[in-house]
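Have a look at the structure below, then the notes.
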Amino acid sequence: MAYVKMRWVYISLVVLGALCLYFSLDAPSPFKGGPFAFKKKIQGFLQLPDIDCRQDPPFLVLLVTSSQEQLLARTAIRKTWGREQTVRGKRIKTLFLLGTTASGDLSRAVAREAAQYRDVIQKDFLDVYFNLTLKTMMGMEWVHRLCPQATFVMKTDSDMFVNVYYLTDLLLEKNRTRRFFTGFLKLNESPIRSKYNKWFVSRDEYPWEKYPPFCSGTGYVFSSDVAGQVYGVAESVPFIKLEDVFVGLCLEKLQIKPEELHSKQTFFPGGLPFTACSYRNIVASHHIKPHDILKYWQALEDSLETECPEV
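Going by this note's numbering, the final residue of the sequence shown carries number 1126, and the count climbs one at a time with no gaps.
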């Protein structure tokens, strides 16, 4: 009887061990044995902005991902929230991140634009949507190598409205200048496996069932030291074409936890209907056309001296 009992105990332990091994293999870490494809290419920048961060370090650098043909959006941003300015005594600088195009006419136009405004960062990769990860990492590299003296960096897009006044106030109030990362938090998100979806990710590209915490790529803000840390680990995490998820993977490896900037929502990746009062207390809103950027900015500035009703 005792022999039979001991035999069943042995069999149970073997089965339990096998199950533990199976489930540990079924859900591996993204940082072990993943398909690492991002490579730091030792190549020069095609365009660099006219800024000396050592002599005059900015408080906030806004890195705006843009494509070659989006001149109207860049022009609107340069005239509004992206103009070089001082807010609460803090210097703010806006720069545009660009890749390259096969169009000779567009390339020449962008070269002229970059020479005129001196606010373009560019490297030699094709400027398409699914190269946004390369574009974002180009921005991280620029901050790390050429502007680590900045206090904060915001990565955002060219169809965004950014309230730099409120953002500056919140960053000064937060007073977090090391290992800080904030934006619209995306928690417990799963990869989209439908091939017909814009954000489709195959199991070959990312075999795991959940993404780590990340912030919507429409706009996130971080202390400048994070740029160098993300750039430093970028080759050791699975490369994924969704740039906000890729940055989230880097943050996970660095054990930097994205956090809220404010107790109330301030980032609106889905957009927010405009009123001057509502836009006073936001950081960023998405899906804004160039003519609306101009209109909304003027209305916001005109309203700064007036009182808004309590919400």
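Beta carbons are placed, not taken as given, at the ideal position from N, Cα and C, and that holds for glycine.
**In chain order, each beta strand (DSSP E) run of at least 3 residues that lies wholly inside the stretch 920–953** = 935–941
**Item:** Close-in-space but distant-in-sequence residues of the same chain around Y981 (CB under 7 Å, 5 per side omitted)
**Value:** Your numbering for residue 981 matches position 166 in the sequence shown. Only R1095, N1096, I1097 and V1098 meet the Cβ criterion.
**Prompt:** Buried or exposed: where does D1059 fall if 16 or more other Cβ atoms within 10 Å of its Cβ makes it buried?
**Reply:** Against the sequence shown, residue 1059 aligns to sequence position 244. Buried.
**Message:** Whole angstroms are fine: how far does the CA of E1120 sit from the CA of Y1111?
**Reply:** If you number the sequence shown from 1, residue 1111 lands on position 296. If you number the sequence shown from 1, residue 1120 lands on position 305. One C-alpha to the other measures close to 16 Å.
**Secondary structure of L1115, DSSP reduced to three states** = Counting from one through the sequence shown, the residue named residue 1115 turns up at place 300. In the structure shown, L1115 sits in a helix (DSSP, three-state: H, G or I).
**Contacting residues, own chain, Cβ-Cβ under 6 Å from L887 (five flanking each side not counted)** = Position 72 of the sequence shown holds residue 887. Only P1105 meet the Cβ criterion.
**Prompt:** Going along the chain, which residues of its own chain have a beta-carbon closer than 6 Å to the beta-carbon of F874, five neighbours each way excluded?
**Reply:** As a position in the sequence shown, residue 874 is number 59, starting the count at 1. Excluding sequence neighbours, F874 sits near K905, R906 and T966.
**Request:** Kindly list the residues whose CB is nearer than 8 Å to the CB of T983, restricted to its own chain and excluding five residues on each side of it in sequence; keep chain order.
**Result:** Taking the sequence shown and counting its residues from 1, one reaches residue 983 at position 168. Contacts found: F874, L875, V902, R903, K905 and I907.
**Asked** Can you name, in chain order, every residue of its own chain whose Cβ lies under 8 Å from the Cβ of I1055, other than the five neighbours on each side?
**Response** In the sequence shown, the residue the question calls residue 1055 occupies position 240. Annotation for I1055: T948, V1016, E1020, Y1021, F1061 and L1064 place their beta carbon closer than 8 Å to its own, counting only its chain and skipping 5 residues before and after.
**Request:** Tell me whether V1044 sits in a helix, a strand or coil according to DSSP, three-state version.
**Result:** For the purposes of this step, residue 1044 is taken as the residue at position 229 of the sequence shown. The sequence shown places Gln at residue 1044, not Val. Helix, per DSSP.
**Item:** Spatially closest choice to P963 from F1082, Q870, L861 and T1081, by CA coordinates
**Value:** Translated into the one-based positions of the sequence shown, residue 963 becomes position 148. For the options F1082, Q870, L861 and T1081, the alpha carbon positioned closest to that of P963 is the one of Q870.
**Request:** With DSSP collapsed to three states, give me the class of G848.
**Result:** Here residue 848 refers to the residue found at position 33 when the sequence shown is read from its first residue. Because the pLDDT of G848 is 46, which lies under 50, any placement of that residue in the model is unreliable, and the question is left without a value.
**Residue of Y1011, P1027 and C1123 minimising C-alpha distance to P1053** = Counting from one through the sequence shown, the residue named residue 1053 turns up at place 238. The residue with the shortest Cα to Cα distance from P1053 is P1027.
**Asked** Between G998, Y944, Y932 and E956, which lies nearest to Q1080 when the distance is taken from Cα to Cα?
**Response** Position 265 of the sequence shown holds residue 1080. Comparing C-alpha distances from Q1080 to each of G998, Y944, Y932 and E956 shows the shortest one belongs to G998.
**Request:** To the nearest angstrom, report how far apart L1076 and D920 are at their CA atoms.
**Result:** One-based indexing of the sequence shown puts residue 1076 at position 261. One-based indexing of the sequence shown puts residue 920 at position 105. L1076 and D920: Cα-Cα distance of roughly 42 Å.
**Message:** I'd like the list of long-range same chain contacts for H1101, defined as Cβ closer than 7 Å, with 5 residues on each side in sequence excluded.
**Reply:** Reading the sequence shown from its first residue, position 286 is the one you call residue 1101. Taken in chain order, the residues that qualify are D974, M975, T1033, F1083, P1084, G1085 and G1086.
**Beta-carbon separation (whole angstroms), I936 vs Q862, contact threshold 8 Å** = Within the sequence shown, the letter at position 121 stands for residue 936. Within the sequence shown, the letter at position 47 stands for residue 862. 6 Å between Cβ atoms; contact.
**Prompt:** Is the CB-CB distance between V1041 and F996 below 8 Å?
**Reply:** Taking the first residue of the sequence shown as position 1, residue 1041 is located at position 226. Taking the first residue of the sequence shown as position 1, residue 996 is located at position 181. For V1041 and F996, yes; Cβs fall inside 8 Å.
**Prompt:** How long is the line joining the alpha carbons of S1118 and R889, rounded to whole angstroms?
**Reply:** The residue you call residue 1118 lines up with position 303 of the sequence shown. The residue you call residue 889 lines up with position 74 of the sequence shown. Rounded to the nearest angstrom, the two C-alpha atoms are 24 Å apart.
**Identity of the residues DSSP links to D972 by a beta bridge** = Working through the sequence shown from its first residue, we reach residue 972 at position 157. Paired residue(s): T880.
**Request:** Grab me the residues of M969's own chain with a C-beta within less than 6 Å of its C-beta, minus the 5 sequence neighbours each way, in chain order.
**Result:** For the purposes of this step, residue 969 is identified with residue 154 of the sequence shown, where counting begins at 1. Within the same chain, M969 has close Cβ partners L877 and V1036.
**Asked** Is it true that the CB of K950 sits closer than 8 Å to the CB of T880?
**Response** One-based indexing of the sequence shown puts residue 880 at position 65. One-based indexing of the sequence shown puts residue 950 at position 135. Contact flag set, yes.
**Asked** Using the C-alpha atoms, what's the distance from A1091 back to I1108?
**Response** Stepping through the sequence shown from its first residue, residue 1108 is reached at position 293. Stepping through the sequence shown from its first residue, residue 1091 is reached at position 276. I1108 and A1091: Cα-Cα distance of roughly 12 Å.
**Request:** Ignoring anything shorter than 4 residues or poking outside the stretch 1004–1064, list the alpha helix (DSSP H) runs there in chain order.
**Result:** 1040–1048
**Asked** Which residue comes first and which comes last in the alpha helix (DSSP H) that contains L982?
**Response** Along the sequence shown, one-based indexing puts residue 982 at 167. Counting along the chain, the alpha helix (DSSP H) containing L982 begins and ends at V979 to K989.
**Asked** Using the C-alpha atoms, what's the distance from D972 back to S1038?
**Response** For the purposes of this step, residue 1038 is taken as residue 223 along the sequence shown, with counting starting at 1. For the purposes of this step, residue 972 is taken as residue 157 along the sequence shown, with counting starting at 1. Rounded to the nearest angstrom, the two C-alpha atoms are 18 Å apart.
**Asked** Beta carbon of V979, beta carbon of W896: below 8 Å?
**Response** Here residue 979 is taken as the residue at index 164 of the sequence shown, counted from 1. Here residue 896 is taken as the residue at index 81 of the sequence shown, counted from 1. Cβ distance < 8 Å, so V979 and W896 count as in contact.
**Request:** Work out the CA separation of S1093 and F940 for me, nearest whole Å.
**Result:** Walking along the sequence shown from the start, residue 940 turns up at place 125. Walking along the sequence shown from the start, residue 1093 turns up at place 278. Near 39 Å, if we compare the C-alpha coordinates of S1093 and F940.
**Asked** Which of the three DSSP states, helix, strand or coil, is assigned to L1076?
**Response** Position 261 of the sequence shown, counted from the start, is the residue given in the question as residue 1076. Here L1076 sits in coil by DSSP.
**Request:** For chain D, find out if any of its Cβ atoms is closer than 8 Å to the Cβ of G1085; answer yes or no.
**Result:** Included in the structure is just one protein chain, with no chain D present.
**Item:** Cutoff 6 Å; reference E1074; Cβ partners in own chain excluding five residues on either side
**Value:** Walking along the sequence shown from the start, residue 1074 turns up at place 259. Taken in chain order, the residues that qualify are T997.
**Message:** By the three-class DSSP mapping on this structure, what secondary structure does V958 have?
**Reply:** Translated into the one-based positions of the sequence shown, residue 958 becomes position 143. V958: helix per DSSP, three-state reduction.
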